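Down below is the structure, laid out as structure tokens.
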Amino acid sequence: MPFEPFLLFFFYAALLQASISNLASAFANIQTELTGIRNLSAFFSEHSEADESDKTSASLDKSIPIEIKGLTFSYPGGRVLFRNADLFIPPNSITVIHGPSGSGKSTLINLLLRFYSPVNGSIRFGGIDITEFSRAELRGKISVVTQFHHIFHESLKTNLLVAKPDADEKEIESALKQAHLKEFLKRLPAGLDEVMDPRGKGISGGEKQRICIARFLLRNSPVMVLDEPWSNLDEEARKVLAEVINLSKPSTTILILTHEALPSLAVDQVYHLLEDKGLFVQAEDSEKLNIREMG
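Take numbering that gives the first Met the number 0: the final residue in the sequence shown is number 294, and no numbers are missing along the way.
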């Protein structure tokens, strides 16, 4: 089963989660989610993407540099978020883009995934313009972690396999180990077949967060994009995610977008996203060293 539908689901489920998290009863939750599902169905019916059956498969190796040149983008009738902006992200590196809420960080992710198209400029993966890839192929190269941590009312194994349906037992075990979930697994009466409760019954917030980290690990894409990844994480989950990011660096191009302070990371470069100018400005080395003081 292709991963793209799940990627689309997570983006719009995040929007739903923000609006239903404070509802008092399970019945109200169900009614709201059903409404959201109907809205999503209508959205996909109205916003179907262009047929790309004629796209050729552009090959890339594991190391993928990302280059943004002359990027200009604005929403219809809105302010310009990016204005002739340039950015280069080396392969096998950790790049942080630091900016306040509303500065365009999430919009940049949507541009990378081709949910939106630039007004001007280009985005290249490995020297290839991303429009040369089909959307499904492009999105298959990117793992996205958001501040929302969605769990399905399915078995633990199914919750992991949404990231990689053909993953074998060894891959699942490795992801659980790296996410510090082995002890959690031992406590589950049915093991990997234990059904998870999306509302958190029988599972702590930190365990829920680490399940999502394990899912992220299982995906194992050459490009990782993390949108406000530290928001809503408990201390243990923060440490686990920082460890995962550092261990992934030798084989992965990593982009972190945040407005807050970061835990200890082997960061290669830091950019400020200037909201008033729509540009990326590289931070000084002293700022990079003191990134944990930023926010």
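Built from N, CA and C at the ideal position, the CB exists for glycine as well.
Source: prediction; values computed, not measured.
Cβ-based burial, residue i [other Cβ within 10 Å; buried from 16]
i	result
Gly103	buried
His179	buried
His152	exposed
Gly277	buried
Lys169	exposed
Val161	buried
Ser100	exposed
Val118	exposed
Tyr74	exposed
Lys207	buried
Which listed residue (the options) has its alpha carbon closest to that of residue i
i	options	result
Asn158	Asp192, Asp226 and Ser247	Asp192
Tyr115	Thr71, Glu136, Leu264 and Glu227	Thr71
Phe124	Lys276, Gly201 and Phe132	Phe132
Leu225	Leu261, Ile212, Ala241 and Leu256	Leu256
Ser247	Val222, Arg82 and Tyr270	Val222
Glu66	Lys238, Asp128, Val266 and Ala174	Asp128
Phe279	Ser173, Leu232 and Ala84	Ala84
Ile244	Gly204, Glu172, Asn231 and Asp267	Asp267
Gln177	Gly205, Ala260, Arg82 and Glu242	Glu242
His258	Gly204, Ala135, Val269 and Arg78	Val269
Gly120	Phe81, Leu137 and Phe183	Phe81
Sheet register partners of residue i (DSSP bridge)
i	result
Gln268	Thr94
Thr257	His97
Thr71	Asn119
Val222	Ile141 and Thr252
Ser154	Val194
Asp128	Arg123
Val79	Ser73
Gln281	Tyr270
Whole-Å CB distance - residue i paired with residue j, under 8 Å assumed
i	j	result
Ile96	Leu254	7 Å
Ile141	Leu107	The pair is not a contact, with the Cβ atoms about 12 Å apart (cut-off 8 Å).
Pro90	Val144	Actually they are not in contact, since the Cβ atoms of Pro90 and Val144 sit about 19 Å apart, beyond 8 Å.
Pro64	Ile88	6 Å
Lys181	Leu217	Actually they do not touch by this definition, with Cβ atoms about 15 Å apart.
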